[in-house]
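Chains as they are written, first to last, in my numbering: chain A, 1 to 165; chain B, 1001 to 1165; chain C, 2001 to 2165; chain D, 3001 to 3165. The block underneath contains the structure these notes are about, expressed in structure tokens.
Protein chains: 4
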Amino acid sequence: MSIRIIVTGGTFDKEYDELTGSLRFRETHLPEMLRRGRSMLEVQVDVLMMIDSLEMLHHHRQQIVEACVRVPESRIVITHGTDTMAETAQVLAATVPGKTIVLTGAMVPYAFGSSDGLFNLGSALSFAQILPAGVYLAMNGRYFAAGHVMKNREVGVFEEATQGE
Amino acid sequence: MSIRIIVTGGTFDKEYDELTGSLRFRETHLPEMLRRGRSMLEVQVDVLMMIDSLEMLHHHRQQIVEACVRVPESRIVITHGTDTMAETAQVLAATVPGKTIVLTGAMVPYAFGSSDGLFNLGSALSFAQILPAGVYLAMNGRYFAAGHVMKNREVGVFEEATQGE
Amino acid sequence: MSIRIIVTGGTFDKEYDELTGSLRFRETHLPEMLRRGRSMLEVQVDVLMMIDSLEMLHHHRQQIVEACVRVPESRIVITHGTDTMAETAQVLAATVPGKTIVLTGAMVPYAFGSSDGLFNLGSALSFAQILPAGVYLAMNGRYFAAGHVMKNREVGVFEEATQGE
Amino acid sequence: MSIRIIVTGGTFDKEYDELTGSLRFRETHLPEMLRRGRSMLEVQVDVLMMIDSLEMLHHHRQQIVEACVRVPESRIVITHGTDTMAETAQVLAATVPGKTIVLTGAMVPYAFGSSDGLFNLGSALSFAQILPAGVYLAMNGRYFAAGHVMKNREVGVFEEATQGE
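See below:
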């Protein structure tokens, strides 16, 4: 079973730039994380874009849709900023049939000490192997079907919600 | 959905004792790991024992069987040393029906920098939520049914194998 | 020998705020760092302020001068943002006689994985114990006398420079 | 000013071997630690040996003496196991005149999360730059002259002691 990991950025891959004191993207940490988890899964990592999901526009989401349709794998994990992950999931659910797509991200960059990134990656890869075709979010150890989840910005966790909330 | 985590020790929870320069067990790191993963799962953590799985005897495995039968949850994750994890899995498969039991561990202690522990925990908790009743191992990002897996000690990964190998 | 550590903030003590995705100050990490270094020095930690040194105004530097004069210790370490550390050092050199004052900071927050903070703290505390009365900067493993150092912002290191550069 | 770092092993450089579950030596972490500290010191790192100091015999200490005499630098830092560091220091004090030699080590391997290694390295390099010719130990943030220090094994810290204790 082969899984495609599509990287779009988000807090997951942010780093601290010591010259400017700000956060930025450089190389994705996915390969390093798979090594740390000692993953023996057959996985292909594609870096599609590296942006904060608050900056995602329609054409970014279109690129993600096209990538999901184009790749041969029927099981896909997408790393994504948590702020608009639920939105991207709904677009995918409406446009990409017949594949198991699991979106995940992190509340703290993997590059920092106390990140949830590695936990979420292990979680998402497991859900991607078993869940039936459909689009899901994997955060906080749980999974949510697209259209039935929202990010609670006050406490920084994902919760069930009815579509359109 | 409620998950029971039964802690039995193994490399997962080992620590470095600076006074003796050796490795030892103290408190389990499970609660700290669940906090780091920002887990919102309904989980109960039980510390059943804290031993190296190479030191497990029949009565240790009996305790694990009894704990799995006794707890009300039908979905269980067991943290366990990797050396004899496959063995404990086979005993459970023969004695505990009707529950989804996922064993996991770590090749490097969580307390050390480059541990696979957090990745494996996220992975195991996800498999525990969706696999049907049965006994499984979750290691290296994958899952294996009890009786069909062995630890390859030369390279330190888990692989499929026929029962009795 | 007693050393006073005066905390003023800077990158040294910044943290990642996962709800806003930005960097901010909370509690100082100094006590935790002294524990990690297993320091047996007689040290008193005072949090005077927690600000980015780019935001320091005259009255902030006045507070630092007053604190250095007021404390009984004649050996002082000040944690400070690296951007205007050389400036504060010159003000101190002109106003606080008879004490060994060593300023230090970090290019990467201690709270992140790859910080120079612990190295700089060990370095600064050592210089504070043996340098004669005067004001110094301890960065990049070296020490510089106040008035003879500047931060090279292009590469993020401290170098010797003549006063007023 | 040039400093020679002579690596002899000790807990400082130990690593976790995941295939055997034991601690062992591989490559020294000194270069990585100097990069992390963003050291701009002129430093030459020599790996003389990689052993636990409890296993040091007379000929090992002779090698260390010869290395200290041979190198052109007059300022030297030696990384060493903490168990017999005081002993090696006394041998050096009796045989190597005219150089500032600072021994340091770690209670927890640098490769693990909560190591004092980086703090001790910053500390030792600073003492090496300033202290007059002689042999010293740098541990717990402090420095001790050779012959006047012992390791308190019960609590794992270094304390002043009269020679021969």
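Quick reminder that beta carbons are idealized off the backbone N, C-alpha and C, glycines included.
Check, Outcome
"Could you work out which residues of chain C lie near threonine 11 of chain A, taking near to mean beta carbons separated by less than 7 Å?", "Gly2021"
"Count the other C-beta atoms from every protein chain shown that fall within 10 angstroms of the C-beta of asparagine 3152 of chain D, then say buried if there are 16 or more, exposed otherwise.", "exposed"
"Please name the residue in A/Ala133, A/Glu55, A/Glu15, A/Pro72 whose C-alpha comes closest to that of leucine 92 of chain A.", "A/Ala133"
"Curious, which full-length alpha helix (DSSP H) runs of at least 4 residues does the region 3059 to 3128 of chain D contain?", "3085 to 3095"
"Does the beta-carbon of glutamate 1018 of chain B have 16 or more other beta-carbons within 10 angstroms, so that it is buried, or is it exposed?", "buried"
"Tell me, please, which residues DSSP counts as bridged to isoleucine 3006 of chain D.", "D/Asp3046, D/Ile3078"
"Quick one: measure Cβ to Cβ for arginine 1038 of chain B and aspartate 116 of chain A, integer angstroms, because I've assumed they're closer than 8 Å.", "5 Å"
"Which residues of chain D have a Cβ atom closer than 9 Å to the Cβ of isoleucine 2130 of chain C, listed in chain order?", "Ser3126, Phe3127, Ile3130, Leu3131, Tyr3143"
"Do alanine 3089 of chain D and leucine 3137 of chain D come within 8 Å of each other at the CB atom, strictly closer than that value?", "yes"
"Less than 8 Å between the C-beta atoms of methionine 3033 of chain D and alanine 3086 of chain D, yes or no?", "no"
"Determine whether the beta carbon atoms of isoleucine 78 of chain A and threonine 28 of chain A lie at a separation below 8 Å.", "no"
"Could you tell me how far apart the beta carbons of threonine 3100 of chain D and serine 3074 of chain D are, in whole angstroms, since I believe they sit closer than 8 Å?", "7 Å"
"Rounded to a whole number of angstroms, what is the C-alpha to C-alpha distance between aspartate 52 of chain A and arginine 36 of chain A?", "25 Å"
"Residues of chain C with CB under 8 Å from phenylalanine 112 of chain A, in chain order?", "Tyr2016, Ala2111, Phe2112, Gly2113"
"So glycine 3156 of chain D contacts chain B; which residues on that side make the cut at Cβ distance below 7 Å?", "Glu1018, Leu1019"
"Please name the residues in the region 1087 to 1110 of chain B whose beta-carbon is closer than 8 Å to at least one beta-carbon of chain D, in chain order.", "Met1107, Val1108, Pro1109"
"Can you grab the Cα-Cα spacing for the pair valine 1155 of chain B / threonine 3020 of chain D, in whole Å?", "11 Å"
"If you draw a straight line from the C-alpha of valine 65 of chain A to the C-alpha of leucine 48 of chain A, how long is it?", "11 Å"
"In three-state DSSP terms, what is aspartate 3052 of chain D?", "coil"
"Give a yes or no on whether the minimum CB-CB distance between serine 2053 of chain C and chain D is below 8 Å.", "no"
"Would you verify that the beta carbon of leucine 57 of chain A is, or is not, closer than 8 Å to some beta carbon of chain B?", "no"
"Say whether chain C places a C-beta atom closer than 8 Å to the C-beta of asparagine 152 of chain A.", "no"
"Would you say glycine 2141 of chain C and phenylalanine 2012 of chain C are within 8 Å of each other, going by their C-beta atoms?", "no"
"Nearest-angstrom Cα distance between glycine 1122 of chain B and valine 69 of chain A?", "27 Å"
"Tell me, please, whether the CB atom of serine 2 of chain A is closer than 8 Å to any CB atom in chain B?", "no"
"Valine 2157 of chain C to leucine 3041 of chain D, Cα distance in whole Å?", "12 Å"
"I think glycine 113 of chain A touches alanine 2111 of chain C, with their Cβ atoms under 8 Å apart; what is that distance to the nearest whole Å?", "6 Å"
"Beta-carbon of methionine 1040 of chain B versus every beta-carbon of chain A: anything under 8 Å?", "yes"
"Between which two residues does the beta strand (DSSP E) carrying glutamate 3015 of chain D extend?", "3014 to 3017"
"So that I know if they touch, is there some Cβ in chain B lying closer than 8 Å to that of leucine 137 of chain A?", "no"
"Would you call leucine 2054 of chain C buried or exposed, if buried means 16 or more other Cβ atoms sit within 10 Å of its Cβ?", "exposed"
"With 8 Å set as the bound, which would you pick, yes or no: does the beta-carbon of serine 1123 of chain B sit closer than that to a beta-carbon of chain A?", "yes"
"Assuming arginine 3004 of chain D contacts glutamine 3044 of chain D under a Cβ cut-off of 8 Å, what Cβ separation, rounded to an integer in Å, is found between them?", "5 Å"
"In terms of residue numbering, what span does the beta strand (DSSP E) encompassing arginine 2024 of chain C cover?", "2022 to 2025"
"Going by DSSP in three states, leucine 3034 of chain D sits in which element: helix, strand or coil?", "helix"
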